[in-house]
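Numbering (this note's numbering), first residue to last: 76 to 420. We put the CB at the ideal spot given by N, CA and C, even for glycine. All values reported here derive from a predicted model rather than from experimental measurement.
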Amino acid sequence: MTCDGNQAAAHISYMFTEVAAIYPITPSSTMAEHVDEWAAAGRKNIFGETVMVQEMQSEGGAAGAVHGSLQAGALTTTYTASQGLLLMIPNMYKIAGELLPGVFHVSARTLASHTLCIFGDHQDVMATRQTGFAMLAEGSVQEVMDLAGVAHLSAIKAHVPFVNFFDGFRTSHEIQKVEAMDQEDLRPLIDMEELAKFRKGAMNPDKPVTRGTAENPDVFFQHRESCNDYYTAVPAIVEDYMNKISEITGRKYGLFDYYGAKDADRVIIAMGSVTEAIRETIDYLTEKGEKVGLVAVHLYRPFSAKHFLAAVPSTAKRIAVLDRTKEPGANAADAQEPVHHRYRG
């Protein structure tokens, strides 16, 4: 099918979504628009249901609706970017803390600072690293089509919510001819046992439970640490689903994808649309005998050092990490280089 990144994400997410709580913000708006149009036309999701779409009064309201819907046992999705994602952060802590399998599809966009800009970088998704959401990145329209489902499938199996993100405009609005994933391809991959556990934990007046209490520090931190095993399991779950997707598509994906010379001595680490340009550059340079390579990051959180190190060639002597964000004060070197304004990790 010929589509842009937003349509690819919407196409896949519709399959796994029962409720979509939305509030439009550039450049993510068309994801929600597609879902709304399909629902109005009666398109069925993977469970044979029409998605219930609710447009809220703000992104904060949308995140609250996502949280409530997940607590009610419905697989719930939202679509956002930039300041909209930041307004969702308080609810993201709750969704992650309660181990609810929600998915946020984010077409990453820069945040307003000295002025507003609708293009840009990963400042929005970087601002959610601490919430407890797993984070999955794609760098092209085809990757969005192939991997967006991994976020939904992994969230259900791992009981950890996901931010699935790609570059706003660079990928979200780039129109490409891609191989589409079919609902029948993905249906067998759903872990129905884990989905049943999620539904069984839904709020029900016939089975009352106490939730959302206040705790003293000793008990709070014991409970807070108890989620660690869920996050430890995420990389293996994501890798397993990537392998299953690869069996369907014939395209190999890993948590970290290496591209380039097997004996590269210079390696770039990056994620997002820049990886496509880097691959073309590597092809050009390797033809000239240069030993260069790229590690493209897909699973950014939880970050698996084991998988990362396995992707970097043992011959690497120099590594450059390209961070598509700006965090003033994160590195003292920024203050020493006022002319260059380099992005730094």
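*Output yes or no for whether 8 Å exceeds the beta carbon distance between residue 317 and residue 212.*
Not a contact, by the Cβ cut-off of 8 Å.
*Per DSSP, residue 396 forms a beta bridge with which residues?*
344.
*Proximity winner among 285, 300 and 286, relative to residue 292 (alpha-carbon distances)*: 300
*Measure the C-alpha to C-alpha separation of residue 362 and residue 219 and round it to an integer number of angstroms.*
29 Å
*Would you call the stretch 244 to 258 and the stretch 202 to 211 in contact, with 3 or more CB pairs under 8 Å?*
no
*In whole angstroms, what is the alpha-carbon distance linking residue 371 and residue 285?*
43 Å
*How about the stretch 229 to 241 and the stretch 105 to 117: do they share at least three Cβ pairs that are nearer than 8 Å?*
no
*Please determine, among 99, 335 and 105, the residue with the shortest C-alpha to C-alpha distance to residue 83.*
Comparing Cα-Cα distances from residue 83 to each of 99, 335 and 105, the minimum goes to 105.
*What are the residues that DSSP puts in a beta bridge with residue 182?*
241
*Please confirm if the stretch 184 to 198 is in contact with the stretch 139 to 155, defined as three or more CB-CB distances below 8 Å between the two stretches.*
no
_Relative to the C-alpha of residue 226, which candidate in 279, 287, 330 and 355 has its C-alpha closest?_
330
*What residue from 134, 142 and 92 has the CA that sits closest to residue 119's CA?*
In terms of CA proximity to residue 119, 92 leads the group 134, 142 and 92.
_Suppose contacts are defined by Cβ-Cβ distances below 8 Å. Is residue 217 in contact with residue 254 by that definition?_
Yes, the Cβ-Cβ distance between residue 217 and residue 254 is below 8 Å.
*Any idea if residue 288 is buried or exposed, counting beta-carbon neighbours within 10 angstroms, 16 or more meaning buried?*
When all chains shown are included, residue 288 counts as exposed.
*Whose C-alpha, out of 202, 148 and 206, is nearest the C-alpha of residue 272?*
Ranked by Cα distance from residue 272, the options 202, 148 and 206 are led by 148.
*May I have the straight-line CA-CA distance separating residue 266 from residue 323, to the nearest angstrom?*
17 Å
*asked:* Can you check which of these residues, 79, 185, 134 and 304, is closest to residue 398 by C-alpha distance?
replied: Checked all of 79, 185, 134 and 304; the closest Cα to residue 398 is 185.
*asked:* What does the Cβ neighbour count give for residue 401, buried or exposed, with the cut at 16 atoms within 10 Å?
replied: With a threshold of 16 other beta carbon atoms within 10 Å, residue 401 meets it and is buried.
*Just tell me which of 175, 232, 140 and 221 has its CA closest to the CA of residue 130.*
140
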